[in-house]
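A quick write-up on the structure given underneath.
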Amino acid sequence: MIKKTTMFDFTATYTDQYELTMGQAYFLAGRKDESAVFDYFYRKNPFNGGYTIFAGLPVLLAILENFRFDKEDLDFLKAQSFHPDYLAYLEGFRFRGAIYSPPEGDLVFPTRPVLRVEGNLIETQLVETVLLNILNFQSLVATKASRMRIAAGDAVLVDFGLRRAHGPGGYYASRAAVIGGFDATSNTLAARDYNLRASGTMAHSYVQSCDSEIEAFRSFAAARPDDCVFLVDTYSTLKSGMPNAITVAKEMEKKGYRLKGIRLDSGDLAYLARKSRAMLDEAGLHYVKIAASNQLDEYVIRSLMAQKAPIDVFGVGTSLVTGQPDAALDGVYKLSQANGHPVIKLSENVSKITLPDKKQVWRAIDDKGLFLGADVVGLEDERTIAVMHHPFLPRQSFAIGPYKIEPLLHMVMAQGKIVYNPPSLFQTARYSRERLDMLPAEYKRFENPHIYKVGLSSRLNALRDSLVAQHKW
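In the working numbering, the protein residues as written are 47 to 519.
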C-alpha cells in the first residue's frame, strides 16, 4: 500500500514568477472568473523513439488538491510588491478546476493533447509550472525505462540512480522507472513510500575497509546470509573476486544458506559474465545470479543480450534518472479556449500553431486489437469521425471511419478533487506493459521507428484554419 503520493510540501509558490504576475493582471482587470481551457502536450518523442509513456498523474493530482499559499508564501509575495487585494485573493486560493487525462502508463504521441485543464483563468494559469515539472520529468524517465525493458527481455532491472539524479528528483525517477518496467530500486525512501522492492549489495569501500577481500565477503555473508550479493571486481574479477566469492558461497552452503549473486561493475561485462558463469557452474553454484552495472543504457543492455551474456540483473543509474541523452521532455501548456471562445497561437513554424477549443482524442484500433498507429484529435462534442487530416500538410488525410476508436481523455479531477481511484504503481506498470504490447513492433525499434500518426477531425481542422485566417497578418 502506498503511504504517500508526494514527497514534498508543494505550496503554490512552486511556480514561475510570471504565472503570479499574469494572475495579478487578470485579477486587477476583473477577469478572475473568466473561464479557460489549457492543453498539455509535447512536440517530439524523446530518444528519437516512437512513443512516450505518460507518467506522474497521481502525484500531480495530489499536489493540486492541496495547492495553496501559506503564510510564508504570502509574506514573501508581499515583499515582492504584489497588490494587497491580489494577496487577499491568493490567501483563499484553491484549485477548483477539472482535469481530463488518459490513464497513467498509457502511450502518448506528439502534438495531441495529453491533459486538458479547465477552470478559471487564474487557477489554470497558476498550475502550469508544477504540471509541467511533474509530468515532463516522470514521463521522460518512464519512457527511458521502457526502452531498457524492451532491450533486457525478462532480465531483472534495478534502478541504481539516486546518487546521480538531479537532487530530490531521484525520488520520482524511481517511481517512474517502475511504470516503465523496472523491478526494484536502490532508493530506500521511494521503496518505502511506493511499496517497491528495495535492492542493495555492497560498495567497493566495504571490500577495501576489510583486511582482505575474502574477509569482506565472509563478514558481509554473516550480516546478510539470506540476501547476499558480492561485488567481485574491487581487485581482480577472475583472479581474486570470483575465487573468493566461490569459497565463501561454499562456506555458506555448509551453514544452510545460499549466495544470492555476484555483481560486475567494470570491465568487459559480456566476457566477465561468461567467465564468471563458467566458474560458478563448475563449482556447482548454478543458482547464483550474475548482476551487472556501470554506465548501462538501453543500447549497452541490447548489446549484452545480443552477445548472450549470462547476466540475470542489470543495475542502471545515470542514463535512467537523467533521461540521457535528451535530459528533458519538451512538454508545453497552451491556452485553447478563453471565456468560452476558441483561441489559437500562431507561429512562422507551422508545427507550433496550436489546436483551438476544447478537445477529445481518440485512438484507432485494428481488427487484431492492436493500435493502428493513428490518434485523431477532434472537438469534445464529436461522436463520429470519418477522416483525420494531417495537422501540418493540408492535402493529406486518412480514412478513420472503418476502425474502432476509443476516447482517451477521461475526467480525473472535478472542482479540485480527485474523482477516480488511482491504481497501485504495479497495476499501472502492468497496464503500461499491456498498452505497449498493443503497439506494433515497428514503432518500438530504436533506430528509425515508424512515425505514429496524429491527425485532426474535419471540424477541428476547419476551426483551426478559420482562426488562422482570422488572425493572420
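Don't be surprised by glycine CBs; every beta carbon is placed ideally from N, CA and C.
How many Å lie between residue i and residue j at the Cα?
{"i": "T430", "j": "T157", "result": "21 Å"}
{"i": "R510", "j": "R162", "result": "18 Å"}
{"i": "K285", "j": "I336", "result": "17 Å"}
{"i": "S185", "j": "D257", "result": "46 Å"}
{"i": "V105", "j": "I180", "result": "8 Å"}
{"i": "Y88", "j": "E488", "result": "21 Å"}
{"i": "E328", "j": "Q254", "result": "28 Å"}
{"i": "M434", "j": "F444", "result": "5 Å"}
{"i": "L74", "j": "Y135", "result": "11 Å"}
{"i": "A384", "j": "H212", "result": "36 Å"}
{"i": "L66", "j": "I308", "result": "54 Å"}
{"i": "L64", "j": "L120", "result": "The sequence given here places Tyr at residue 64; Leu does not occur at that position. Rounded to the nearest angstrom, the two C-alpha atoms are 16 Å apart."}
{"i": "V346", "j": "T474", "result": "27 Å"}
{"i": "M47", "j": "S470", "result": "Residue placement at M47 is poorly supported in this model, since its pLDDT is 39, which falls under 50; the coordinates are not used for a value here."}
{"i": "G138", "j": "E169", "result": "12 Å"}
{"i": "L123", "j": "K78", "result": "19 Å"}
Suppose the cutoff is 7 Å on Cβ atoms and the five residues either side in sequence are ignored; what does the same chain contact list for residue i look like?
{"i": "A61", "result": "The sequence given here places Thr at residue 61; Ala does not occur at that position. Excluding positions up to five away in sequence, the list reads L172, T175 and V176."}
{"i": "P356", "result": "A319, R320, R323 and I336"}
{"i": "L178", "result": "G377 and Y379"}
{"i": "Q70", "result": "F128, H129 and Y132"}
{"i": "T234", "result": "A244"}
Classify residue i as helix, strand or coil using the three-state DSSP reduction.
{"i": "M484", "result": "coil"}
{"i": "Y218", "result": "helix"}
{"i": "R162", "result": "strand"}
{"i": "V362", "result": "strand"}
{"i": "T59", "result": "coil"}
{"i": "S127", "result": "coil"}
{"i": "T400", "result": "coil"}
{"i": "H517", "result": "helix"}
{"i": "D413", "result": "coil"}
{"i": "K117", "result": "helix"}
{"i": "T474", "result": "helix"}
{"i": "L439", "result": "coil"}
{"i": "P104", "result": "helix"}
{"i": "H250", "result": "helix"}
{"i": "T283", "result": "helix"}
{"i": "S503", "result": "strand"}
{"i": "V423", "result": "strand"}
{"i": "T52", "result": "coil"}
{"i": "R491", "result": "coil"}
Is the beta carbon of residue j closer than 9 Å to that of residue i?
{"i": "A198", "j": "M68", "result": "no"}
{"i": "L485", "j": "F417", "result": "yes"}
{"i": "L375", "j": "D421", "result": "no"}
{"i": "Y240", "j": "R221", "result": "yes"}
{"i": "F263", "j": "T283", "result": "no"}
{"i": "V334", "j": "L305", "result": "yes"}
{"i": "D229", "j": "G363", "result": "no"}
{"i": "V423", "j": "P159", "result": "yes"}
{"i": "G462", "j": "R142", "result": "yes"}
{"i": "Y97", "j": "L482", "result": "yes"}
{"i": "L167", "j": "Y72", "result": "yes"}
{"i": "Y466", "j": "F155", "result": "no"}
{"i": "L310", "j": "A291", "result": "no"}
{"i": "A144", "j": "M459", "result": "yes"}
Within its chain, find whatever has a CB closer than 8 Å to the CB of residue i; leave out the 5 residues flanking it on each side and keep chain order.
{"i": "L513", "result": "P388, V389, I390 and P402"}
{"i": "H332", "result": "L326"}
{"i": "V187", "result": "A101, Y218, A219, A222, A223, G226, L366, V367 and G369"}
{"i": "A508", "result": "none"}
{"i": "I260", "result": "N290, T293 and V294"}
Report all residues from its chain with a CB closer than 6 Å to the CB of residue i; omit the five preceding and five following residues, and keep chain order.
{"i": "A58", "result": "F113, R114 and F115"}
{"i": "E344", "result": "R193, M194 and A197"}
Quick check: the region 101–119 against the region 430–450, are there 3 or more CB pairs under 8 Å?
In short, these stretches do not touch, since the Cβ pair count stays below three.
I want to know whether the region 223–232 touches the region 463–481 - three or more CB-CB distances under 8 Å.
With a cut-off of 8 Å, the region 463–481 and the region 223–232 count as touching, because enough Cβ pairs lie within range.
Does the contact criterion of 3 or more C-beta pairs under 8 Å hold for the region 85–100 versus the region 450–465?
Judged by Cβ distances under 8 Å, the region 85–100 makes no contact with the region 450–465, as fewer than three pairs qualify.
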